[in-house]
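Asks: Quick one: this structure, given as structure tokens, is what I'll be asking you about.
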Amino acid sequence: GFNPDQRFVRYHTQATHPTKPTPPTMIYPWHQTPWQQLTRDIARLPHAVLIAGPAGGGKGQLAQTLAQRLLCERAVDHQLPCGECDACRWWLAGNHPDMRLVAPGQDDEAGDEDKPTARSSTIRIEQIRALMEFLSVGAVRGGRRVVLINPAEAMNLATANALLKLLEEPPPKTQFILVSHEPGKLLPTIRSRTQVWSIPEPSRAQSEAWLLGEGVREAARWLDFAGGMPLAAQKAAEQGEDVARFLRDIESLPRSDAVMLAAQWEAWVKPRAGGQMSLVVLSEWLQKWLFDLILVKATGSPRFFSSRREALREIAQRASFAALWGCYNALTQMRRAANHPLNPRLFLDDMLLRYTRIAA
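Residues 1 to 360 in the working numbering are what the sequence shown spells out, letter by letter.
Here it is as structure tokens:
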């Protein structure tokens with residue numbers, strides 16, 4: 001059963017088929033209350049629930065735990081999935097016949113390995129059509145069928161409208177679980193046909209304690225960098241060398257050549273060059289840097305890069321509020337194309353030259 005003293009419960013870590021959820025199944029300490037609320041009357045859970053909250057807090061894991069719990073054939077009340085019944089064994093093997101995960105990139109075709117292509121960032125209408133086919137037949141186990149959509153905001157208008165038809169006339173014994181980092185991007189009609197569960201951010205104390213338990217050094221620093229979200233902080237700590245390189249490079253401007261740095265960053269983000277970085281991540285980090293410059297100029301205190309207070313202060317003194325906000329807003333617009341830029345080099349040139357002009 002549910003043990004509130006557990007840091008989390010982990011059943012399995014095996015990778016699964018891309019159309020199935022990926023274990024481990026777990027409950028993080030800051031999800032204890034939402035879990036008990038979600039499972040208070042699990043037999044009467046509305047046919048569609050929307051689990052919403054900021055990225056990096058682990059709500060996707062909460063949704064997976066709920067999905068497995070709905071399929072588990074032994075657990076009762078607030079108990080976690082048993083992990084031992086036939087349904088749980090199928091889940092952990094990634095092939096439960098009454099479960100479907102809908103996520104971006106599942107129907108991407110394998111490309112030429114000499115010409116790597118980016119994974120799709122959207123949920124396509126073909127995936128919803130395949131879901132309709134899955135739901136047109138009865139449940140194999142005779143119980144519920146569960147559909148997990150994560151992240152729900154990855155649907156375009158056509159995809160969302162196709163899903164809406166399913167939500168308006170749901171098949172019997174079917175549970176939809178939608179997960180969203182940005183529920184405001186969903187169609188109002190989608191939101192109105194789901195029961196919305198807003199998952200609060202964990203407390204600072206909970207996050208730091210969990211990170212320390214996971215062996216993350218400088219937990220407070222990485223929590224600052226991740227905006228207070230523990231899983232995002234853990235991932236950032238794993239990217240420590242990349243973050244250090246970003247800071248060295250960005251602090252070298254405008255002394256160094258922005259165009260030359262753009263060429264180096266282009267190689268950094270190319271998979272063939274062994275790069276582990278992406279334009280999305282680099283533009284996000286630069287946007288955080290710009291936001292901290294604005295905060296330092298206004299209040300004297302950064303939010304994300306607490307360890308670079310003096311460097312931020314020095315740059316902020318040279319820049320005007322208008323220039324900082326202008327660069328920040330321009331980068332916000334640019335980030336919309338960061339997943340699929342027509343020309344990565346031009347994207348990086350533009351981004352770094354804009355920043356250099358305000359940092360000079």
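For glycine and all other residues, C-beta sits at the position ideal for the given N, C-alpha and C. Note that this is a predicted model, so its numbers are computed, not measured.
Along the alpha helix (DSSP H) that carries A337, what are the first and last residues, could you check?
Replies: As a working note, residue 337 is residue 337 in the sequence shown. First-last for A337: undefined, no H or E at that position.
Asks: Looking at C-alpha atoms only, which residue of N343, Q127 and A75 is the closest neighbour of A103?
Replies: Here residue 103 corresponds to residue number 103 of the sequence shown, with the count starting at 1. Here the closest residue by C-alpha is Q127.
Asks: Could you give the C-beta distance for A67 and R141, rounded to a whole number, given that I count them as a contact under 8 Å?
Replies: Here residue 67 is taken as the residue at index 67 of the sequence shown, counted from 1. Here residue 141 is taken as the residue at index 141 of the sequence shown, counted from 1. Actually they are not in contact, since the Cβ atoms of A67 and R141 sit about 14 Å apart, beyond 8 Å.
Asks: Within its chain, find whatever has a CB closer than 6 Å to the CB of A359; leave out the 5 residues flanking it on each side and keep chain order.
Replies: For the purposes of this step, residue 359 is taken as the residue at position 359 of the sequence shown. Within the same chain, A359 has close Cβ partners L253, P254 and I315.
Asks: Helix or strand or just coil, what does DSSP make of A209?
Replies: Within the sequence shown, the letter at position 209 stands for residue 209. A209: helix per DSSP, three-state reduction.
Asks: Tell me the residue span of the alpha helix (DSSP H) that contains L80.
Replies: The sequence position of residue 80 within the sequence shown is 80, counting from 1. Element bounds for L80: n/a, residue is neither H nor E.
Asks: Near T39, which residues of its chain fall below 6 Å by C-beta distance, leaving aside the five closest residues on each side in sequence?
Replies: Residue numbering aside, residue 39 sits at position 39 when the sequence shown is read from its first letter. Closer than 6 Å at Cβ, skipping near neighbours: H78.
Asks: Measure the CB-CB distance between R361 and L62 and report whether it falls below 9 Å.
Replies: Outside the displayed span of the chain (1 to 360) sits residue 361, for which this structure offers no information.
Asks: For P202 versus G57, is the C-beta distance shorter than 9 Å?
Replies: As a first step, residue 202 is located in the sequence shown; it is residue number 202 there, counting from the start. As a first step, residue 57 is located in the sequence shown; it is residue number 57 there, counting from the start. Result yes, Cβ atoms of P202 and G57 sit closer than 9 Å.
Asks: Starting from the Cα of L211, find the closest Cα among G227, V196, A237 and L187 and give me that residue.
Replies: Taking the first residue of the sequence shown as 1, we reach residue 211 at position 211. Taking only the C-alpha atoms, the option nearest L211 is A237.
Asks: Please return the same chain residues whose Cβ sits closer than 7 Å to the Cβ of Q234, not counting the five positions on each side in sequence.
Replies: Working through the sequence shown from its first residue, we reach residue 234 at position 234. The residues are L211, E214 and V216.
Asks: CB R157 to CB L187, shorter than 9 Å?
Replies: The sequence position of residue 157 within the sequence shown is 157, counting from 1. The sequence position of residue 187 within the sequence shown is 187, counting from 1. Looking at the sequence provided, one finds Leu at residue 157 rather than Arg. Closer than 9 Å, so yes.
Asks: Pull up the distance between the alpha-carbon of K270 and that of E241, whole angstroms please.
Replies: Counting from 1 along the sequence shown, the entry for residue 270 is found at position 270. Counting from 1 along the sequence shown, the entry for residue 241 is found at position 241. Roughly 17 Å between the two C-alpha positions.
Asks: Closest to L261 by CA distance: which of T356, L163 and A48 is it?
Replies: Here residue 261 refers to the residue found at position 261 when the sequence shown is read from its first residue. Closest by alpha carbon: T356.
Asks: Using only CA atoms, which one of Q64, L45, R44 and T299 lies nearest to I27?
Replies: Taking the first residue of the sequence shown as position 1, residue 27 is located at position 27. For the residues Q64, L45, R44 and T299, the minimum Cα distance to I27 belongs to Q64.
Asks: Is it right to say S307 is buried, meaning 16 or more other beta carbons lie within 10 angstroms of its own, or is it exposed?
Replies: Reading the sequence shown from its first residue, position 307 is the one you call residue 307. Under this definition S307 is an exposed residue.
Asks: Between S283 and A152, what straight-line distance do the alpha-carbon atoms span, to the nearest angstrom?
Replies: Counting from one through the sequence shown, the residue named residue 283 turns up at place 283. Counting from one through the sequence shown, the residue named residue 152 turns up at place 152. The alpha-carbon atoms of S283 and A152 are separated by roughly 23 Å.
Asks: Note the first and the last residue of the continuous beta strand (DSSP E) segment covering M99.
Replies: By one-based count along the sequence shown, residue 99 stands at place 99. Per DSSP, M99 belongs to the beta strand (DSSP E) from M99 to V102.
Asks: For the ligand HEM, I want to know if D98 counts as a neighbour, meaning its beta carbon is within less than 8 Å of at least one of the ligand's heavy atoms.
Replies: Questions concerning the ligand HEM fall outside what the structure shown contains, since it holds no ligand whatsoever.
Asks: What span of residues does the alpha helix (DSSP H) with I315 cover, start to end?
Replies: Here residue 315 is taken as the residue at index 315 of the sequence shown, counted from 1. Here the alpha helix (DSSP H) through I315 covers R309 to R318.
Asks: For A52, which of R129, V146, K185 and E84 has the nearest alpha-carbon?
Replies: Translated into the one-based positions of the sequence shown, residue 52 becomes position 52. The shortest C-alpha separation from A52 is found at K185.
Asks: Looking only at its own chain, which residues have a Cβ that is under 6 Å from the Cβ of I149, when we skip the five neighbours before and after it?
Replies: If you number the sequence shown from 1, residue 149 lands on position 149. Correct list, in chain order: V102 and L178.
Asks: Going straight from the alpha carbon of C327 to that of Q317, what length do you get?
Replies: Walking along the sequence shown from the start, residue 327 turns up at place 327. Walking along the sequence shown from the start, residue 317 turns up at place 317. Those two C-alpha atoms are separated by around 16 Å.
Asks: Between the beta-carbon of F305 and the beta-carbon of F225, is there less than 9 Å?
Replies: By 1-based counting over the sequence shown, the position of residue 305 is 305. By 1-based counting over the sequence shown, the position of residue 225 is 225. Taking 9 Å as the Cβ cut-off, F305 and F225 qualify as a contacting pair.
Asks: What span of residues does the alpha helix (DSSP H) with W265 cover, start to end?
Replies: Along the sequence shown, read from residue 1 onward, the residue named residue 265 stands at position 265. Counting along the chain, the alpha helix (DSSP H) containing W265 begins and ends at A258 to V269.
Asks: Excluding the five sequence neighbours on either side, which residues of its own chain have a C-beta within less than 7 Å of the C-beta of L231, listed in chain order?
Replies: Against the sequence shown, residue 231 aligns to sequence position 231. The residues are G56, G57 and G58.
Asks: List the endpoints of the continuous alpha helix (DSSP H) containing P145.
Replies: Counting from 1 along the sequence shown, the entry for residue 145 is found at position 145. Contrary to the premise, residue 145 reads as Arg rather than Pro in this sequence. Premise fails: R145 lies in the beta strand (DSSP E), R145 to I149, not in any alpha helix (DSSP H).
Asks: Starting from F225 and walking both ways along the alpha helix (DSSP H), at which residues does that stretch end?
Replies: Locating residue 225 in the sequence shown gives position 225, where the first residue counts as 1. A219 to F225 is the extent of the alpha helix (DSSP H) around F225.
Asks: Whole angstroms is fine: what's the gap from M351's alpha carbon to T332's?
Replies: In the sequence shown, the residue the question calls residue 351 occupies position 351. In the sequence shown, the residue the question calls residue 332 occupies position 332. Computed Cα separation, rounded: 11 Å.
Asks: For D224 and chain C, any beta-carbon pair shorter than 9 Å?
Replies: Structure shown: chain C not included; a single protein chain is present.
Asks: Output yes or no for whether 9 Å exceeds the beta carbon distance between W265 and M277.
Replies: Within the sequence shown, the letter at position 265 stands for residue 265. Within the sequence shown, the letter at position 277 stands for residue 277. Closer than 9 Å, so yes.
Asks: Can you grab the Cα-Cα spacing for the pair L348 / S198, in whole Å?
Replies: Counting from one through the sequence shown, the residue named residue 348 turns up at place 348. Counting from one through the sequence shown, the residue named residue 198 turns up at place 198. Distance between the alpha carbons of L348 and S198 is about 36 Å.
Asks: In chain order, which alpha helix (DSSP H) runs of at least 4 residues are fully inside the stretch 22–63?
Replies: List check, alpha helix (DSSP H) in window: 32–38.
Asks: Consult DSSP for Q287 and reduce its assignment to one of helix, strand or coil.
Replies: Within the sequence shown, the letter at position 287 stands for residue 287. If DSSP states are grouped into helix, strand and coil, Q287 belongs with the helices.
Asks: Is T194 near F176, with beta carbons less than 9 Å apart?
Replies: The count along the sequence shown starts at 1 and reaches residue 194 at position 194. The count along the sequence shown starts at 1 and reaches residue 176 at position 176. Yes, the Cβ-Cβ distance between T194 and F176 is below 9 Å.
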